[in-house]
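Here the structure is laid out as structure tokens; the discussion comes afterwards.
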Amino acid sequence: MSADFLQGMALASVERLNTARAMVDLVTLEQRVAEQKEPPPLHLSATGFDLIAEVKKRSPSAGQLATTTVSPAAQAGKYAAAGAAAISVLTEPQRFSGSLEDLQQVVTGIESIPIMRKDFLVDPYQVVEARAAGAGGVLLIAAILEPPLLRDMLQVAFELGMFVLVEAFDETDLLRCIPVMADLLPAINNDGSCRMLLGVNCRNLRTLEVEFARFMGLTEQLPATIPWVAESGVDTPDKAGRVASAGYRLALVGTALMRSDEPEHAAQALLYAGRDARQR
864 MSADFLQGMA LASVERLNTA RAMVDLVTLE QRVAEQKEPP PLHLSATGFD LIAEVKKRSP
924 SAGQLATTTV SPAAQAGKYA AAGAAAISVL TEPQRFSGSL EDLQQVVTGI ESIPIMRKDF
984 LVDPYQVVEA RAAGAGGVLL IAAILEPPLL RDMLQVAFEL GMFVLVEAFD ETDLLRCIPV
1044 MADLLPAINN DGSCRMLLGV NCRNLRTLEV EFARFMGLTE QLPATIPWVA ESGVDTPDKA
1104 GRVASAGYRL ALVGTALMRS DEPEHAAQAL LYAGRDARQR
């Protein structure tokens, strides 16, 4: 996989978008949104560190992570029991074996915390599609979205009562997305919940290797007004403590939890380590 991976995934997402639009128009999708319950808000704990735990059947870097017998809802239930602040569900079908059906299963089974759609979203329609499936949050990737489009998708998500995790891989991504996020931040309803997160993904898309030092190297570029999320590579309690000490408010963890024989205990260990580091 090369650095062109993201663009390839974006092109595939455009194809799925066109297929979805041909089957369900936006008006119908918005009617489905109106039939949904309000999603639970994202609340960050007073301890200073939280977890977004991910349901992921497969990844390009790690291969198959779950058999067909693994229930997305059951896996998510273990995460919720561990104290996760939110659940991320991969819905990308080609490289991650995900689907909107997986998301819907998790939404049906988990009502206490929000469920985030993680995919390579390229159009506001897909944000509405996520909300129509019950999602309370979406991930948006700065590298594949021009700033005006990112703004539009953020605004749609906020209008639908969702939270957004904007993902950056490097300083270039941060320079693209931070001005847009900062401009919209004052307009977000201040109801005590968290509506906007900024994530740093430390995976090198050319080599697939995790470059953990990137988390620390980019902290000076990250705004204090938006909670930071460490994505990829936080697979041990020690690493959770290290990113928490560096100022990250959350970690998004998928592969390590999907591989664990005891995902609830693994998630708790990450949480405890991060919270302990923040309280020192």
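Position 154 (the sequence shown) corresponds to 1017 in the numbering used here; numbering is contiguous. All residues carry an ideal CB built from backbone N, CA and C; glycine is no exception. These numbers were taken from a predicted model, which means no experiment stands behind them.
**OP:** With Ile978 as the anchor, note down where its beta strand (DSSP E) starts and where it stops.
**Re:** Its beta strand (DSSP E) spans residues Ile978 to Lys981.
Original post:
Do the CB positions of Asp982 and Pro935 come within less than 7 Å of each other?
Top reply: Judged by their CB atoms, Asp982 and Pro935 are not nearer to each other than the 7 Å cut-off.
Original post:
Which ranges does the alpha helix (DSSP H) cover as unbroken runs of at least 4 residues, wholly within the region 1083 to 1116, from first to last along the chain?
Top reply: As far as the region 1083 to 1116 is concerned, its whole alpha helix (DSSP H) runs of at least 4 residues are 1100 to 1108.
Original post:
Taking the alpha helix (DSSP H) that Met1059 falls in, what are its first and last residues?
Top reply: No alpha helix (DSSP H) contains Met1059, which is instead part of the beta strand (DSSP E) from Met1059 to Asn1064.
**OP:** Determine the direct distance from the alpha carbon of Ile1051 to that of Gln899, and round the result to whole angstroms.
**Re:** The alpha-carbon atoms of Gln899 and Ile1051 are separated by roughly 21 Å.
Original post:
Can you give, in chain order, each stretch of the alpha helix (DSSP H) that sits fully within the region 984 to 1040 and has at least 4 residues?
Top reply: Within the region 984 to 1040, the complete alpha helix (DSSP H) runs of at least 4 residues are 987 to 995 and 1010 to 1022.
Original post:
From His906 to Met886, what does the alpha carbon distance come to, in whole angstroms?
Top reply: Straight-line Cα distance between these residues: approximately 35 Å.
Original post:
Whole alpha helix (DSSP H) runs in the region 866 to 933 with 4 or more residues, listed along the chain?
Top reply: Taking only runs of at least 4 residues, the alpha helix (DSSP H) segments lying wholly in the region 866 to 933 are 868 to 886 and 889 to 898.
Original post:
Going straight from the alpha carbon of Ala1020 to that of Gly999, what length do you get?
Top reply: Using only the alpha carbons, I get a separation of about 9 Å.
**OP:** Starting from the C-beta of Glu1074, find all residues in its chain whose C-beta is less than 6 Å away, skip the five residues before and the five after it, and write them out in chain order.
**Re:** Only Cys1065 and Asn1067 meet the Cβ criterion.
**OP:** Kindly give me the distance between the Cβ atoms of Val1116 and Leu914, rounded to whole angstroms, as I take these residues to be in contact under 8 Å.
**Re:** Val1116 to Leu914, Cβ: 6 Å. Contact.
Original post:
Should Gln957 and Ala875 be called a contact, given that it needs their Cβ atoms to be closer than 7 Å?
Top reply: Against a cut-off of 7 Å, the Cβ pair of Ala875 and Gln957 comes out as a contact.
**OP:** Provide the residue(s) that pair with Ala949 in DSSP beta bridges, ordered along the chain.
**Re:** Paired residue(s): Ile915.
**OP:** Report all residues from its chain with a CB closer than 6 Å to the CB of Pro904; omit the five preceding and five following residues, and keep chain order.
**Re:** Cβ within range, chain order: Ser1056.
Original post:
Are Ala1093 and Gly1137 closer than 7 Å when you measure CB to CB?
Top reply: Ala1093 places its beta carbon 7 Å or farther from that of Gly1137.
Subject >> Cβ shell of Gly1062 (< 6 Å), same chain only, five flanking positions each side left out >> reply: The residues are Leu1028, Glu1030, Val1092 and Glu1094.
**OP:** Please report the Cβ distance between Gly940 and Leu1134, rounded to the nearest whole angstrom; I am assuming they are in contact, meaning their Cβ atoms lie under 8 Å.
**Re:** Cβ atoms of Gly940 and Leu1134 stay farther apart than 8 Å, at about 16 Å.
Original post:
So, using beta-carbon positions, are Thr1082 and Gly1110 closer together than 7 Å?
Top reply: Contact: yes.
Subject >> Cβ neighbours of Arg1183 in the same chain (closer than 6 Å, five flanking residues each side left out) >> reply: Absent from the structure is residue 1183, since the part of the chain shown begins at 864 and ends at 1143.
Subject >> Pro1086 versus Glu1072 - alpha carbon distance >> reply: In this structure, the CA atom of Pro1086 is about 26 Å from the CA atom of Glu1072.
Original post:
Short check: CB of Asp1098 to CB of Ala1119, under 7 Å?
Top reply: Taking 7 Å as the Cβ cut-off, Asp1098 and Ala1119 qualify as a contacting pair.
**OP:** Classify Ser865 as buried or exposed, calling it buried when 16 or more other Cβ atoms lie within 10 Å of its own Cβ.
**Re:** In this prediction, Ser865 has a pLDDT of 47, which is less than 50 and means its spatial position is unreliable; what the coordinates show is noted afterwards. Exposed: under 16 other Cβ atoms inside 10 Å.
Original post:
Between the Cα of Ser1123 and the Cα atoms of Ala909, Gly1080, Leu1017 and Tyr942, which residue gives the shortest distance?
Top reply: Comparing Cα positions, the closest option is Tyr942.
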